[in-house]
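J.:
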Amino acid sequence: QAKTQLETIENNNDLNNLKAQYLGKKGDIASLMMTLKDLPNDEKPKVGKQINEIKQQLEAMFEEKRSVIEQLEIQLKLSAESIDVTLPGLQTEIGTSHLLQQIVEELEAFFIGLGYEVKEGPEVESDHYNFEMLNLPKDHPARAMQDSFYIDPNRLLRTHTSPVQARTMLESAGEPIKIICPGKVYRRDDDDQTHSHQFMQIEGLVIGEDISMSDLKGTLLSVIRKFFGQDREIRLRPSYFPFTEPSVEVDVHHEDGRWIEVLGAGMVHPNVLKMGGYDPDKVQGFAFGIGVERLGILKYKIDDIRQFYTNDIRFLKQFKGGR
Ligand code: FA5
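Going letter by letter, the sequence shown gives residues 9 to 331 in the UniProt record's numbering.
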């Protein structure tokens with residue numbers, strides 16, 4: 009009976025239950041042993057021996073079945089966990105740097121090639137560097153050109169990257185300067201297709217002997233042509249910034265016939281040179297502030313500046329050029 013029952017067993021649990029039924033403390037063998045005491049004395053050894061033999065047979069049978077089941081379980085586990093090394097691997101999607109970052113890096117590479125150094129400055133800036141060192145005293149009306157986010161009476165989110173000019177002049181102690189400074193800037197502008205309350209600029213500043221307006225124009229023309237192609241036209245319009253004299257705004261020609269303003273620039277104002285520790289009779293400088301988003305809008309025909317900041321993956325995915 010045990011033999012036929014054993015054939016149907018497929019796992020350890022059922023095997024243990026069946027074993028208990030025969031060989032457990034209250035199992036069949038144990039009950040048989042209990043009957044020994046009722047037998048006549050001369051039969052006891054013989055029957056006792058028989059019961060022991062059956063017990064041993066049963067134990068051997070159960071042991072054998074246990075090892076069969078163990079083998080079976082190992083086989084099952086192996087086949088369940090087997091790995092098909094010929095299957096293609098799982099693809100993890102790797103992001104790329106943001107389009108703005110790509111543009112900044114492209115322009116950085118260009119300027120580094122011309123011998124410029126890349127500088128950084130704080131986004132939370134003092135009124136002193138953001139305005140006063142740039143020839144914009146407290147009551148100056150041109151402060152309204154850059155409506156600002158103040159943090160306390162003396163600190164604000166910088167409205168342009170120009171404060172890095174002032175910082176660099178003071179650090180450079182009268183030595184020639186050739187820097188660019190990319191970074192985020194903030195203004196209380198109303199958001200629309202071409203304006204954002206947060207945007208990026210790349211500041212440029214060159215100070216040295218015999219620096220002229222034509223150096224500025226040549227530099228701007230070459231960076232625009234590097235970025236947009238050698239046949240791209242730019243237009244310099246007279247403008248006003250308190251920190252440059254003369255000042256210009258630069259427009260880039262759009263394929264649809266419009267001119268789009270991308271940067272402000274000019275010759276560093278003598279007052280700014282003086283405050284920065286330079287003698288305006290001995291050295292001159294030019295400076296510019298490029299609107300990075302505007303360059304992107306023009307080159308990639310982006311219909312709305314807010315695309316840069318709303319992180320729509322369908323937009324971002326189109327620009328995989330970066331690292
Ligand atoms: C300035 O910020 C000056 N600091 C630039 C400068 C530097 C002039 C050095 C002279 C010497 P402006 O406010 O025009 O200038 O801004 C420069 C560029 O930033 C603009 O030409 C435009 O491309 C971009 N810009 C300005 N406001 C916004 C805005 N709200 N959203 C997106 N881009 C803007």
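Glycine included, each C-beta is placed from N, C-alpha and C at the ideal position.
How about residue 270 and residue 302: are their beta carbons less than 7 Å apart?
T.: Cβ atoms of residue 270 and residue 302: closer than 7 Å.
J.: Among 26, 109 and 88, which one has its Cα closest to the Cα of residue 6?
T.: Past the boundaries of the shown model lies residue 6; the chain is included only from 9 to 331, so the question cannot be answered.
J.: Give the DSSP bridge partners of residue 270, in chain order.
T.: According to DSSP, which records beta bridges pairwise, residue 270 is partnered with nothing at all.
J.: Got a sec, what are the start and stop residues for the alpha helix (DSSP H) residue 296 sits in?
T.: Residue 296 -> not in any alpha helix (DSSP H); beta strand (DSSP E) instead, spanning 292-299.
J.: Might you give, ordered along the chain, the residues of its own chain that have their beta carbon closer than 7 Å to the beta carbon of residue 154, omitting 5 neighbours on each side?
T.: Hits under 7 Å: 167, 168 and 195.
J.: Using beta-carbon positions only, say whether residue 275 and residue 141 come within less than 7 Å of one another.
T.: The answer is no: Cβ separation not under 7 Å.
J.: I want to check one thing, is the minimum distance from the CB of residue 172 to the heavy atoms of ligand 1 below 6 Å?
T.: Not under cutoff, so the answer is no.
J.: Buried or exposed for residue 51, please, with buried defined as at least 16 other CB atoms from any protein chain shown within 10 angstroms of its CB.
T.: Burial call: exposed.
J.: Name the DSSP bridge partner or partners of residue 111?
T.: The partner list for residue 111 (beta bridge, DSSP) is empty, contrary to what the question assumes.
J.: Would you mind giving the Cβ-Cβ distance between residue 295 and residue 213, rounded to the nearest angstrom? I have them listed as a contact below 8 Å.
T.: Indeed they touch by this definition, with Cβ atoms about 5 Å apart.
J.: Given residue 173, which residues of its chain have a CB within under 7 Å of its CB, disregarding the five upstream and five downstream residues?
T.: Answer for residue 173: 211, 213 and 295, listed in chain order.
J.: Alpha carbons only, please: which of 291, 325 and 202 is nearest the one belonging to residue 306?
T.: The candidate whose alpha carbon is nearest that of residue 306 is 202.
J.: Within the stretch 102-164, note down every full alpha helix (DSSP H) run reaching 4 residues or more, in order along the chain.
T.: Here the runs fully enclosed are 107-121 and 135-138.
J.: Taking the alpha helix (DSSP H) that residue 226 belongs to, which residues open and close that run?
T.: 221-236 is the span of the alpha helix (DSSP H), which, as asked, contains residue 226.
J.: Quick check on the burial criterion: 16 or more other C-beta atoms within 10 angstroms. Buried or exposed for residue 238?
T.: By the 10 Å Cβ count, residue 238 comes out exposed.
J.: Compute every distance between the C-beta of residue 117 and the non-hydrogen atoms of ligand 1, then say whether any falls below 6 Å.
T.: Flag unset: Cβ of residue 117 not near ligand 1.
J.: Nearest to residue 245 by alpha carbon, out of 273, 266, 11 and 16?
T.: Residue 273 is the option with its Cα nearest to residue 245.
J.: Report the residue from 62, 180 and 190 whose alpha carbon sits nearest the alpha carbon of residue 215.
T.: Cα-wise, what sits closest to residue 215 is 180.
J.: Would DSSP call residue 8 helix, strand or coil?
T.: Beyond the ends of the chain as shown, which are 9 and 331, falls residue 8; an answer cannot be given.
J.: Which residues does DSSP list as the beta-bridge partners of residue 193?
T.: Looking at the DSSP assignment, residue 193 forms a beta bridge with 207.
J.: Over the uninterrupted alpha helix (DSSP H) stretch that includes residue 48, give me the two end residues.
T.: Taken as a continuous stretch (DSSP letters only), residue 48 belongs to no alpha helix (DSSP H), as it is neither H nor E.
J.: Within 10 angstroms of its Cβ, does residue 135 collect 16 or more other Cβ (buried), or is it exposed?
T.: The residue is buried, with at least 16 neighbouring Cβ atoms inside 10 Å.
J.: Could you please give the first and the last residue of the uninterrupted beta strand (DSSP E) stretch that includes residue 253?
T.: From DSSP, the beta strand (DSSP E) with residue 253 extends over 252-261.
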